[in-house]
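In what follows, a structure is listed as structure tokens, so that the remarks can point back to it.
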Amino acid sequence: MDEIRLLLFGLVIALLLGPNESLKCFQCAETTDTGHCARDIAGLVNASLGIPTWYHYAKDCTASNPDWALCMIQTTETNGKNQLFHRGCHDGHTFDIGLDSPRFHNVSANNASTCAYVKDTNLLVCYWFCDEDFCNGPQPEPQKVCNFTISSDGFYDNVENPCLGLCLLPEVFLCLLSFMTSLYFIN
């Protein structure tokens, strides 16, 4: 009987706490702005959709550190040459020693850049902050609903297939099927 009460108590507590809100961001870094972290658009989009990629881009920020409530992009340049390109999680307050500037304190999470020449260095450091899942990288196009009907009596001869060129997994099969069906009925 005590086990049942304990189980019910745990269930009530879990329901009261509600679902765990966790921020997910892209996480990668490199010393060039022409590598995978900056240029692998397909890999980043696939990671945000939960599709496995060769490079692990997705990070559950608040599960790793409860203070990480922002996604960010950080770039560091010297004389116009990129030294660091970094996508990751951030708390908005803690900056690397030697890369801090008063301009970075209280930056809003509106995905606008804030840059500063860091004192006593020749470094231009820029930060972009945002607070939605995977906002620090490319976003997939909104998925279209691929369900539509074409009548076999020819009344819909000029209907365009809304799925053409816009299919994302798992709708690819449905779009191909609807496209093939539309070709059959239109011709």
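Quick note on numbering: the sequence shown equals residues -22 to -1, 1 to 165 in mature numbering (1 follows the signal peptide of the UniProt record, and there is no 0).
All C-beta atoms, glycine included, are put in the ideal place defined by N, C-alpha and C.
Just so you know, these numbers come straight off a predicted model, no measurement behind them.
| Query | Result |
| --- | --- |
| Which of helix, strand or coil does DSSP assign to alanine 87? | coil |
| Taking only runs that begin and end inside the region 12 to 95, name each unbroken alpha helix (DSSP H) of 4 or more residues, in chain order. | 14 to 17, 19 to 26, 39 to 42 |
| Give the DSSP-derived three-state secondary structure of phenylalanine 107 in the structure shown. | strand |
| Can you give the Cα-Cα distance for serine 86 and cysteine 67, rounded to whole angstroms? | 15 angstroms |
| In whole angstroms, what separates the C-alpha of alanine 25 from that of threonine 53? | 22 angstroms |
| Find the nearest neighbour of leucine 77 within the set Trp32, Glu55, Tyr35, Phe107, judged by alpha-carbon distance. | Glu55 |
| From this set, Phe63, Pro44, Val23, Cys49, which residue's C-alpha is nearest aspartate 11's C-alpha? | Phe63 |
| Tell me the rounded alpha-carbon separation between glycine 58 and valine 103. | 11 angstroms |
| Using the Cβ count rule (16 or more neighbours within 10 Å means buried), how would you classify glutamine 5? | buried |
| Pull the bridge partners of glutamate -2 from the DSSP assignment, please. | Glutamate -2 is not bridged to any residue. |
| DSSP three-state call for proline 116: helix, strand or coil? | coil |
| For a quick check, are the C-beta atoms of cysteine 39 and leucine 1 less than 8 angstroms apart? | yes |
| Around the Cβ of aspartate 18, are there at least 16 other Cβ atoms within 10 angstroms (buried) or fewer (exposed)? | buried |
| Out of Tyr33, Asn43, Ala7, which one is the CA nearest neighbour of glutamate -2? | Asn43 |
| CB tryptophan 46 to CB aspartate 74, shorter than 8 angstroms? | no |
| Excluding five sequence neighbours on each side, which residues of the same chain lie with their C-beta closer than 6 angstroms to the C-beta of tyrosine 95? | Leu102 |
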